[in-house]
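Numbering (full-length UniProt numbering), first residue to last: 1 to 217. Notes follow once the structure below has been shown.
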């Protein structure tokens with residue numbers, strides 16, 4: 001039985017998109033945790049193992065997105081419009097793709113060291129994944145969960161701003177102190193991937209906020 005069919009046994013026709021998004025969010029959480037682990041080591045074998053784990057999550061997330069599109073215009077009846085659901089699904093998938101890109105960057109550049117700011121950036125991404133998991137679990141009833149969803153959206157915004165600050169601090173630090181130009185570019189490129197990944201999480205929450213506006217009118 002396909003995964004989506006399994007989920008549909010446990011959810012109503014009006015809200016069965018929630019388990020789809022929740023499974024995507026679970027892959028994001030797993031991938032973000034693996035990304036954090038990559039930032040805690042310089043063991044190349046461990047980098048390869050963890051990058052494969054992230055890639056596996058990304059592939060499975062793509063499969064869920066494909067199933068979502070198959071169902072979107074046939075069966076899903078939801079209090080959220082199809083256009084909004086499609087946008088959320090795309091942004092969630094983009095977030096997972098960005099995590100995968102960040103993991104690939106570490107494996108590609110193989111930096112000599114991982115600075116504390118890079119670990120911090122990865123941790124912000126994992127915290128955003130936690131908040132996203134909470135958001136999607138409540139999408140089935142936005143009216144009832146309005147305050148809780150708003151709180152988690154604000155949480156992601158705060159984390160994204162903190163990630164921006166950490167990124168800017170790190171870039172300033174490496175340009176002041178890193179004497180090896182090759183390593184400098186490695187650190188810069190990895191940090192840029194991490195910062196863009198944090199931004200991609202905010203795109204999800206920003207769109208959910210747009211949907212929330214219709215419930216506040």
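For every residue, glycine included, the Cβ atom is placed at its ideal position computed from N, Cα and C.
Assignment of residue 41 by DSSP, reduced to helix, strand and coil, places it in the coil class.
By the Cβ criterion, the stretch 87-99 is in contact with the stretch 198-215, since at least three pairs of Cβ atoms, one from each stretch, lie closer than 8 Å.
Put simply, the stretch 128-137 does not touch the stretch 65-72. Fewer than three CB pairs are less than 8 Å apart. When C-beta atoms of the stretch 52-63 are compared with those of the stretch 18-31, three or more pairs fall below 8 Å, so the two segments count as touching. Comparing alpha-carbon positions, the option among 130, 139, 212 and 194 lying closest to residue 121 turns out to be 194.
Taking a C-beta distance under 8 Å as the contact criterion, residue 109 and residue 198 do not qualify as a contact pair.
For residue 111, the three-state secondary structure derived from DSSP is coil.
Contact between the stretch 179-186 and the stretch 139-148 is absent: fewer than 3 CB-CB pairs across the two stretches fall below 8 Å. Around the beta carbon of residue 98, a 10 Å sphere encloses 16 or more other beta carbons of the protein chains shown; the residue is thus reported as buried.
With respect to residue 170, residue 118 sits close: the two C-beta atoms are nearer than 8 Å. For the set 211, 64, 23 and 46, the Cα lying nearest the Cα of residue 106 is the one of 46. Under the three-state reduction of DSSP output, residue 125 falls in the helix class. In its chain, beyond the 5 residues on either side, 159 have a beta carbon closer than 6 Å to the beta carbon of residue 127.
In the displayed model, residue 205 falls within a helix according to three-state DSSP.
Taking C-beta separations shorter than 7 Å and ignoring five residues to either side along the sequence, the partners of residue 149 in its chain run 135, 138, 142, 208 and 212, following chain order. Annotated three-state conformation of residue 142 is coil, per DSSP.
Taken through DSSP and simplified to helix, strand or coil, residue 180 comes out as coil. Residue environment: residue 102 is assigned as buried (16 or more neighbouring CB atoms within 10 Å of its CB, all protein chains considered). Here the alpha carbons of residue 166 and residue 114 stand approximately 14 Å from one another. Around the CB of residue 172, fewer than 16 other CB atoms lie within 10 Å, so the residue is classed as exposed.
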